[in-house]
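**Student:** The listed protein sequences correspond, in order, to chains Z and E. All the letters of the first sequence, read from the start, carry residue numbers 917 to 1059 under my numbering. All the letters of the second sequence, read from the start, carry residue numbers -9 to 458 under my numbering.
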Amino acid sequence: MRDEAEYKDDSEAGDLDARRCRDAEGITTLDDSRTAKLEALCEAIVPGSARVGPVAYIDAVLGRMPPPVRDHAVASIDALDPARLADQERTPEFAFVRALAVEAYYSDFVEPGRDATGAWAEIDFDPPAARRLRKDWSWLGTA
Amino acid sequence: MAGNSVKGEYEVVVVGSGAGGGVVAGELAQRGRDVLLLEAGPHLSAVDFDRWEAKANHTFWWPLRFGALPDGDVVAFLAGRCVGGTTTINTKVALRAHAKDVAKWHGESGLTADGSRPFSVSDLEPYYARVEERLGIRERADWQPCVRTIERGMKALGHELEPVMSYTDGNCMHCGSCLQGCPTNAGKSTGNTWIADTWARRQLDLRADSPVERVVVEGGRANGVEVGGETIRAGTVVVAGGALNTPQILRRSGLDSPAIGRSLGLHPVRIVYGLFDEVQDAHVTYPISSHCMAYQHDEDGGFVVEASTIQDPIAFATTLRDDDGPFWGPRLVEAARRYRYWNGVLAMVNDENTASVAADENGQERFDIAFNERELGRLDASLEFSKEVLRAAGATQLAWTGIASTHVQGSCRMGDDPERSATDRNGKVHGVEGLYVGDGSLIPRTLSVNPSLTIMALALRLADHLAA
Chain Z
917 MRDEAEYKDD
927 SEAGDLDARR
937 CRDAEGITTL
947 DDSRTAKLEA
957 LCEAIVPGSA
967 RVGPVAYIDA
977 VLGRMPPPVR
987 DHAVASIDAL
997 DPARLADQER
1007 TPEFAFVRAL
1017 AVEAYYSDFV
1027 EPGRDATGAW
1037 AEIDFDPPAA
1047 RRLRKDWSWL
1057 GTA
Chain E
-9 MAGNSVKGEY
1 EVVVVGSGAG
11 GGVVAGELAQ
21 RGRDVLLLEA
31 GPHLSAVDFD
41 RWEAKANHTF
51 WWPLRFGALP
61 DGDVVAFLAG
71 RCVGGTTTIN
81 TKVALRAHAK
91 DVAKWHGESG
101 LTADGSRPFS
111 VSDLEPYYAR
121 VEERLGIRER
131 ADWQPCVRTI
141 ERGMKALGHE
151 LEPVMSYTDG
161 NCMHCGSCLQ
171 GCPTNAGKST
181 GNTWIADTWA
191 RRQLDLRADS
201 PVERVVVEGG
211 RANGVEVGGE
221 TIRAGTVVVA
231 GGALNTPQIL
241 RRSGLDSPAI
251 GRSLGLHPVR
261 IVYGLFDEVQ
271 DAHVTYPISS
281 HCMAYQHDED
291 GGFVVEASTI
301 QDPIAFATTL
311 RDDDGPFWGP
321 RLVEAARRYR
331 YWNGVLAMVN
341 DENTASVAAD
351 ENGQERFDIA
361 FNERELGRLD
371 ASLEFSKEVL
381 RAAGATQLAW
391 TGIASTHVQG
401 SCRMGDDPER
411 SATDRNGKVH
421 GVEGLYVGDG
431 SLIPRTLSVN
441 PSLTIMALAL
451 RLADHLAA
């Protein structure tokens, strides 16, 4: 079991990387304040995930969503407070953002330009069919 | 994949290519009928199927849909959106409906076999036999060690785990990729059987990536469909978009029968996970090779437990919860790091078609779900039994998913009573000539087993009717 300090270390390192990549690549759906808030939410929901740039993944997914669903996602981000998630963990808004944050990380996504290992190595998800994959994320619009 | 050129008029247009539409279209085309099959999603083949969950979810699964529950929780609806429909991404379990399940249908909608006697399972048996022959079904007793773990728990509780029947052939490599499409074609979808065979021979016209807006109904008769801004004329239209989409298409077509969209059955399911000290690798196996049928019937409990599976990383991590709530933070990360040590069973519950699907004033789909006390009791009992099995097998930690639905049925059910059914006993929409429903929407009362074999059997029955 890792202690809280280890998670915090991952988080801080990830945040710095995220800022660099965002500046380079651009976020198309979220504004700056929502981007920063979503970074904090992702890191609280999946500690250590910031290193892969989950917000870039979520931003791309939001861009593919029908407008009503995207509006709901943004409203859900707005409704959450990263410092009070324990009080909000059974709300539909938390469920929505949690699903996005978890998908972003456990998809094995690594934001282009980052030197990071994805989640599959961390959880030892390595079946033969996945091992043969050469992941081209262009279908998501982030390549 | 390239499609055929599409004409402006056909003898039959089939909307949706899953377990229902794929069979109807392929059967009619094979018998020389002039058929166009329309599918909302892409046309893919085994070469497109790899073990990439995120890409599959976003490219050939139906975008995730949720129905709100009164307690604030949700039901997640999962389905395929590609040629072959959900049969492309399901686990290929091939079970006939039990006689007790089919016996409920007459009471639900007045369904008879021929106008005189109640419809019974014997009316389906010839069609089951033909579907099973076509798909080459076989028993899956080739259990991996993760299934033996669950068997150990079952035996400790005095229950047997039995092999399922399945429409997978000997090319199955136990790779566990079923939900991302079978990469070896061992899994038989309607896409790689009825559709591929007739499409390759130019007997069937197929247009993928073509969601249908509505059926053209004029003067009490279906005359075609509107798709992509154009109208394609047809003497007969078969709507087979699945039990969530078919009623919405019929509503958009101007049909106002209150039976359309009502009586939606969810066959609700949870996966219950147990963490073990030994590696389980329940993600590298044929996902559903066994089941416990001890509680199948309502009077015995009303649920079936299947084994063994865990979902791929996104679905696994997204759905983890226990009595303390959804997993997140360090608790989630630690659980996910033990991914290979988790094993799971799938608990499917008999419901009573108490949900409905409709569109709101903005055209957005809306689900109304309020399980009754009996349904809630079965959901609780199935969860508790699954936990007991996993504990008895040696699990040191338990978690489970929320409620999902992959087996929607009954939203346009067939029957002899127009007040309680959307179609007649042959699937023809009441009051509209030339318009048929050809999917799981027809099933008047939810089955206690995986419904795809029954949907295919009903589709074959419809094809026979239309070809006659």
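Yeah, the Cβ is synthetic: ideal placement off N, Cα and C, and Gly gets one too. Computed from a predicted structure; not experimentally measured.
What residues from chain E crowd round Ser1023/Z, counting only those whose CB sits closer than 8 Å?
**Tutor:** Glu43, Ala44, Pro303 and Ile304
**Student:** List the residues of chain E that Ile943/Z touches, going by C-beta distances under 8 Å, in chain order.
**Tutor:** Simply none; closest approach about 19 Å.
**Student:** Starting from the N-terminal side, write out each stretch of the alpha helix (DSSP H) that is 4 residues or longer and does not extend beyond the stretch 273 to 332 of chain E.
**Tutor:** 303 to 309 and 320 to 327
**Student:** I'd like the list of long-range same chain contacts for Ala163/E, defined as Cβ closer than 8 Å, with 5 residues on each side in sequence excluded.
**Tutor:** The question names Ala, yet the displayed sequence has Met at residue 163/E. Around Met163/E: Thr174 and Ala176.
**Student:** Along chain E, in chain order, which residues have C-beta atoms closer than 9 Å to that of Asp948/Z?
**Tutor:** Residues of chain E passing the Cβ test: none, with the nearest at roughly 25 Å.
**Student:** Which chain E residues are close to Ala1015/Z, counting only those with a beta carbon under 7 Å from its beta carbon?
**Tutor:** Thr308
**Student:** What number of angstroms, rounded off, separates the C-alpha of Arg938/Z from the C-alpha of Ala972/Z?
**Tutor:** For Arg938/Z, the pLDDT reaches just 43, beneath the cut-off of 50, and the residue's location in the model is therefore unreliable, leaving the point undetermined.
**Student:** Compare the Cα-Cα distances from Pro153/E to each of Leu147/E, Cys282/E and Ala93/E and report the closest residue.
**Tutor:** Cys282/E
**Student:** Pull up the distance between the alpha-carbon of Glu141/E and that of Thr1007/Z, whole angstroms please.
**Tutor:** 37 Å
**Student:** In terms of DSSP beta bridges, what is Glu115/E paired with?
**Tutor:** DSSP output for Glu115/E lists no bridge partner at all.
**Student:** In whole angstroms, give me the CA-to-CA distance for Val1013/Z and Thr1033/Z.
**Tutor:** In this model, Val1013/Z and Thr1033/Z are separated by some 23 Å (Cα to Cα).
**Student:** I believe Arg986/Z touches Leu978/Z by the beta-carbon criterion, under 8 Å. Please report the beta-carbon distance rounded to the nearest angstrom.
**Tutor:** 5 Å
**Student:** For chain Z, is any of its Cβ atoms less than 8 Å away from the one on Ala394/E?
**Tutor:** no
**Student:** Measure the alpha-carbon distance for Val274/E versus Thr436/E and round it to whole angstroms.
**Tutor:** Those two C-alpha atoms are separated by around 30 Å.
**Student:** Any C-beta of chain Z sitting closer than 8 Å to the C-beta of Trp318/E?
**Tutor:** yes
**Student:** By the 9 Å beta-carbon criterion, what residues does the stretch 964 to 986 of chain Z contribute toward chain E?
**Tutor:** Within the stretch 964 to 986 of chain Z, the residues whose Cβ lies closer than 9 Å to some Cβ of chain E are Gly964, Ser965, Tyr973, Val977, Arg980, Met981, Pro982, Pro984 and Val985, listed in chain order.
**Student:** I think Leu369/E touches Pro258/E, with their Cβ atoms under 8 Å apart; what is that distance to the nearest whole Å?
**Tutor:** 6 Å
**Student:** Report the option in Asp24/E, His88/E, Val205/E and Thr299/E whose CA atom is closest to the CA atom of Thr81/E.
**Tutor:** Thr299/E
**Student:** Report all residues from its chain with a CB closer than 6 Å to the CB of Arg451/E; omit the five preceding and five following residues, and keep chain order.
**Tutor:** Tyr117
**Student:** What's the call for Gly219/E, buried or exposed, on a 16-neighbour Cβ count within 10 Å?
**Tutor:** exposed
**Student:** Starting from Arg204/E and walking both ways along the alpha helix (DSSP H), at which residues does that stretch end?
**Tutor:** Looking at the DSSP string, Arg204/E is not in any alpha helix (DSSP H); the run it does join, the beta strand (DSSP E), is Val202 to Glu208.
**Student:** What do you get for Lys90/E, buried or exposed, if any count of 16 or more other CB atoms within 10 angstroms of its CB means buried?
**Tutor:** exposed
**Student:** Which residue from Gly209/E, Pro408/E, Asn340/E and Gln20/E puts its Cα closest to that of Asp290/E?
**Tutor:** Comparing Cα positions, the closest option is Asn340/E.
**Student:** If we ignore side chains and look at the alpha-carbon of each, how far apart do Ala458/E and Asp104/E end up?
**Tutor:** 16 Å
**Student:** Taking a Cβ distance cut-off of 8 Å, strictly less, list which residues of the stretch 1041 to 1055 of chain Z are near chain E, in chain order.
**Tutor:** Phe1041, Pro1043, Pro1044, Ala1045, Ala1046, Arg1048, Leu1049, Lys1051 and Trp1055
**Student:** State whether the stretch 1040 to 1055 of chain Z contacts the stretch 39 to 56 of chain E, with contact taken as three or more CB pairs (one from each stretch) at a distance under 8 Å.
**Tutor:** yes
**Student:** Along chain E, in chain order, which residues have C-beta atoms closer than 9 Å to that of Arg1006/Z?
**Tutor:** What Arg1006/Z touches in chain E: Gly62, Asp63, Gly315 and Pro316.
**Student:** How do the stretch 230 to 239 of chain E and the stretch 386 to 405 of chain E stand: do at least 3 beta-carbon pairs fall below 8 Å, yes or no?
**Tutor:** yes
**Student:** Return the CA-CA distance between Glu355/E and Ile1039/Z, expressed in angstroms with no decimal places.
**Tutor:** Rounded to the nearest angstrom, the two C-alpha atoms are 37 Å apart.
**Student:** By the 10 Å Cβ neighbour count, where 16 or more other Cβ atoms means buried, how is Asn333/E classified, buried or exposed?
**Tutor:** A buried status is given to Asn333/E, since no fewer than 16 other beta-carbon atoms sit within 10 Å of its beta-carbon.
**Student:** Report the rounded CA-to-CA distance for Arg120/E versus Arg107/E, giving the unit in angstroms.
**Tutor:** 24 Å
**Student:** Suppose only complete runs of 3+ residues qualify. What are the beta strand (DSSP E) ranges in the stretch 54 to 86 of chain E, listed by chain order?
**Tutor:** 55 to 58 and 64 to 67
**Student:** Residues of the stretch 154 to 185 of chain E with a CB closer than 9 Å to any CB of chain Z: list them in chain order, please.
**Tutor:** Cβ contacts with chain Z: Met163, Cys165, Gly166, Ser167, Gln170 and Pro173.
**Student:** May I ask you to report which of helix, strand or coil DSSP gives Arg260/E?
**Tutor:** Residue state, collapsed to three classes: strand.
**Student:** Under three-state DSSP, which class holds Met163/E?
**Tutor:** coil
**Student:** Tell me which residues share the same chain as Thr158/E and place their Cβ nearer than 6 Å to its Cβ, disregarding the 5 neighbours each side in the sequence.
**Tutor:** Lys82, Ala176 and Gly177
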